[in-house]
Amino acid sequence: MDYFPLFIKLQHKPCLVVGGGQVARRKVLSLLESGACLTVEAPVLCDELQALVDSHRLSWFAEPFQEQEPLDSYFLVVAATDDASVNRDIAERCNYLGVHCNVASEADEGDTLLPAIIERSPLTIAVHSSAQSPTVTRYLKRQLEAFVPPQMGALARWAEGWREPVKQRLGDLLSRRRLWDKLLSGVASAQVMAGHEASADAIMEQHLEEAAAGRLSGEVFLVGAGPGDPELLTLKALRLIQQADIVLYDRLVSEAIMELLPADCERLYVGKRQSEHSVPQTEINQLLVDYARQGRNVLRLKGGDPFIFGRGGEEIELLASAGISFQVVPGITAANGCACYAGIPLTHRDYAQSVRFITGHLQSDKVNLDWPELARPNQTLVFYMGLSGLGEICAALIANRRAPETPAALIEKGTTPQQRVLVADLESLPQLAQTEAMSAPTLLIIGEVVQLQKQLAWY
Ligand code: SAH
Numbered sequence: 051m052d053y054f055p056l057f058i059k060l061q062h063k064p065c066l067v068v069g070g071g072q073v074a075r076r077k078v079l080s081l082l083e084s085g086a087c088l089t090v091e092a093p094v095l096c097d098e099l100q101a102l103v104d105s106h107r108l109s110w111f112a113e114p115f116q117e118q119e120p121l122d123s124y125f126l127v128v129a130a131t132d133d134a135s136v137n138r139d140i141a142e143r144c145n146y147l148g149v150h151c152n153v154a155s156e157a158d159e160g161d162t163l164l165p166a167i168i169e170r171s172p173l174t175i176a177v178h179s180s181a182q183s184p185t186v187t188r189y190l191k192r193q194l195e196a197f198v199p200p201q202m203g204a205l206a207r208w209a210e211g212w213r214e215p216v217k218q219r220l221g222d223l224l225s226r227r228r229l230w231d232k233l234l235s236g237v238a239s240a241q242v243m244a245g246h247e248a249s250a251d252a253i254m255e256q257h258l259e260e261a262a263a264g265r266l267s268g269e270v271f272l273v274g275a276g277p278g279d280p281e282l283l284t285l286k287a288l289r290l291i292q293q294a295d296i297v298l299y300d301r302l303v304s305e306a307i308m309e310l311l312p313a314d315c316e317r318l319y320v321g322k323r324q325s326e327h328s329v330p331q332t333e334i335n336q337l338l339v340d341y342a343r344q345g346r347n348v349l350r351l352k353g354g355d356p357f358i359f360g361r362g363g364e365e366i367e368l369l370a371s372a373g374i375s376f377q378v379v380p381g382i383t384a385a386n387g388c389a390c391y392a393g394i395p396l397t398h399r400d401y402a403q404s405v406r407f408i409t410g411h412l413q414s415d416k417v418n419l420d421w422p423e424l425a426r427p428n429q430t431l432v433f434y435m436g437l438s439g440l441g442e443i444c445a446a447l448i449a450n451r452r453a454p455e456t457p458a459a460l461i462e463k464g465t466t467p468q469q470r471v472l473v474a475d476l477e478s479l480p481q482l483a484q485t486e487a488m489s490a491p492t493l494l495i496i497g498e499v500v501q502l503q504k505q506l507a508w509y
């Protein structure tokens with residue numbers, strides 16, 4: 051490690067920035083956040099620095115840097131002139147006097163780096179690449195900013211408020227650690243971040259009681275994994291996926307998403323295998339309760355959105371009655387994902403003023419739906435699980451006076467690298483689907499909007 055990261059209190063400490071241009075301005079703005087007592091040294095200042103001097107946030111020494119300057123009254127000196135040799139002289143002088151120095155142009159010449167900062171006060175994340183790659187540092191900073199929600203600071207403050215009470219009520223260090231792990235990954239933390247601290251306090255009380263009695267239960271995260279492309283996960287989904295101790299998943303969850311699970315997370319497949327039946331729903335519901343009671347974070351990962359043809363409601367009903375805490379995270383449903391990646395807007399001012407999500411699942415070889423209603427114009431129909439009933443669906447719409455030439459599309463494995471899109475019309479699509487040997491999972495979209503696909507396909 052070339053540079054050891056330290057966090058230093060700069061409040062009221064005298065610091066000097068040499069230079070009056072844009073680089074100096076950036077350094078000054080960052081240091082002002084720390085409460086340092088700042089002087090800027092330069093014959094001329096840019097407008098922004100001048101404004102800071104005028105508003106007394108900064109002192110100004112209107113001279114160029116002198117070789118023998120007595121810099122030893124400063125805690126930190128930042129060399130930010132546009133002359134590399136001057137910056138080097140400043141670094142050498144600081145080195146001689148034992149004063150910390152940061153060189154803005156050639157960071158490795160000073161002994162101090164000013165990192166990229168992500169502030170979630172009281173939490174601070176600092177990133178630097180040992181002066182080697184500012185571009186990668188900036189990129190990583192943006193990634194972290196997106197991943198660490200602004201409310202993380204509120205969570206830190208809430209946790210601090212509970213630290214002593216928890217210590218007093220739970221003597222054993224290991225139990226305390228387990229309790230905090232549960233709270234910070236679970237519903238309590240979601241409640242704090244949503245501004246509902248009273249609810250979080252109530253959860254804390256309940257968990258404290260359970261922990262003291264040695265029966266701290268885990269939580270269940272019912273998470274929508276989206277239609278396949280891992281980039282379509284929500285930030286919340288990703289955060290909870292990474293906190294799972296055990297995952298129950300089915301066929302629709304893509305490999306790429308499974309790779310995001312922690313290495314030590316136990317994986318339990320509960321979907322259908324070829325020629326086998328899936329684990330019955332009631333058994334899945336019970337497994338969620340049982341694993342949570344063992345104190346584990348249970349991730350129930352579902353394709354698309356858990357509340358759209360996902361039986362998510364049934365799974366959390368039992369959790370609710372068993373008193374297990376749970377969170378539900380919406381996902382991008384197949385209709386949204388497949389339509390976007392196929393280039394089919396689901397509504398359009400000229401063609402469709404509404405869209406319907408329909409199950410095309412066959413019940414005793416029939417699709418029982420309100421066909422006259424579905425055959426009405428100016429609406430887009432999206433059929434989930436519609437591949438085996440495709441012939442029947444198209445025939446029923448035509449029989450109920452939807453035009454046989456109404457455009458219709460089938461999207462197979464939408465949003466994944468294996469995506470296939472078949473565009474035809476109500477009359478010809480069933481035959482074409484057979485010829486092309488389309489296989490599940492496949493989404494069926496019917497309506498005038500489908501004709502836009504030719505122009506708008508991009509994936
Ligand atoms: N909860 C899921 C839907 C589950 S029902 C969601 O919100 O998306 C399963 C059906 O969803 C499949 O039969 C298929 O019609 C559709 N589906 C799911 N993922 C799909 C994908 N990647 N491509 C095409 N269809 C998909």
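The opening residue of the sequence shown carries number 51 in this note's numbering; numbering runs sequentially from there. All C-beta atoms, glycine included, are put in the ideal place defined by N, C-alpha and C. Every value quoted in this text rests on a predicted model; they were computed, and no experiment measured them.
| Asked | Found |
| --- | --- |
| I'd like the list of long-range same chain contacts for E442, defined as Cβ closer than 7 Å, with 5 residues on each side in sequence excluded. | V417 |
| Work out the CA separation of G497 and L173 for me, nearest whole Å. | 51 Å |
| Less than 7 Å separating the Cβ of D355 from some heavy atom of the ligand SAH? | yes |
| Taking the continuous beta strand (DSSP E) assigned at S109, which residues delimit it? | 109-111 |
| Quick one: grab the DSSP three-state call for K232. | helix |
| Quick check: the Cα distance between V90 and L190, rounded to an integer number of angstroms? | 30 Å |
| Check A176 in the structure and name its three-state DSSP category. | strand |
| Using a Cβ-based criterion (distance less than 7 Å to any ligand heavy atom), does G278 qualify as near the ligand SAH? | yes |
| Tell me the rounded alpha-carbon separation between R227 and L266. | 12 Å |
| With a threshold of 6 Å on Cβ separation, who are the neighbours of A446 within its own chain once the five nearest residues in sequence on each side are excluded? | W421 |
| Would you list the one or two residues that DSSP bridges to L102? | According to DSSP, L102 bridges with nothing at all. |
| Since A29 and L283 should fall inside the 8 Å C-beta cutoff, what is the C-beta to C-beta distance between them, to a whole number of angstroms? | Since the first residue shown for the chain is 51 and the last is 509, residue 29 is missing from the structure and cannot be characterised. |
| Should the segment 434-441 be called in touch with the segment 362-373, which here means at least 3 C-beta pairs below 8 Å? | no |
| Taking just the CA atoms, how far does T485 sit from A392? | 20 Å |
| One question on the structure: do L318 and V297 come within less than 8 Å of each other, judged by their Cβ atoms? | yes |
| Nearer than 7 Å: is that true of the beta carbon of A459 relative to any heavy atom of the ligand SAH? | no |
| Return helix, strand or coil for D475, following the three-state DSSP convention. | strand |
| Applying the 10 Å Cβ sphere with the 16-neighbour rule, what's the burial state of R289? | buried |
| Can you give me the C-alpha to C-alpha distance between F376 and S489, rounded to a whole angstrom? | 34 Å |
| For a test of the three-state rule: what should DSSP assign to N450, helix, strand or coil? | coil |
| Just how far apart, CA to CA, sit E113 and L60? | 25 Å |
| When every heavy atom of the ligand SAH is checked, does at least one fall within less than 7 Å of the C-beta of P480? | no |
| Tell me the DSSP secondary structure of K59 in three-state form. | coil |
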